[in-house]
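Residue numbers (my numbering): -3 to 106. Ideal Cβ positions, reconstructed from N, Cα and C, are used throughout, including at glycine. As the structure is a prediction and not an experimental result, all values here were calculated from the model. First up is the structure itself, then whatever we jot down about it.
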């Protein structure tokens, strides 16, 4: 809706919205283990993530980062995309991609 779009694009509202997402622990709840072993990258990539999980909890795919676990990624050897979200991504669990445009898009798509 237009109302939500205006709130998401307003930085003062976004701080509150992203704080709610962070406090909900949606990203922390993404962790999966099979027999005590964290899931592999292939297993992670085959999962159907919600728009918020995809936009807020992991870096955009075109950033070229390599999966370590659901919310920790390492720089790859490939070309890093020109997406500004690539520089906004952080492995710091309180930051992740909460400041990313992809996170805002995930909220709007939910």
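- Annotated three-state conformation of residue 71 is coil, per DSSP.
- By the Cβ neighbour-count rule, residue 92 is buried, with 16 or more other Cβ atoms within 10 Å of its own.
- According to the DSSP secondary-structure assignment, residue 47 is paired through a beta bridge with no residue.
- Contact check for residue 98 against residue 52 passes: the beta carbons are separated by less than 9 Å.
- With fewer than 16 neighbouring CB atoms inside 10 Å of its own CB, residue 16 falls in the exposed class.
- According to the DSSP assignment, residue 104 belongs to the alpha helix (DSSP H) that extends over 97 to 105.
- DSSP, reduced to helix, strand and coil, places residue 63 within a strand of the structure shown.
- Burial of residue 66 is indicated by the presence of at least 16 other C-beta atoms within 10 angstroms of its C-beta.
- Contact between residue 50 and residue 102 holds, with the beta-carbon distance rounding to 6 Å and staying under 8 Å.
- The C-beta of residue 5 has fewer than 16 other C-beta atoms within 10 Å across all chains shown, which makes the residue exposed.
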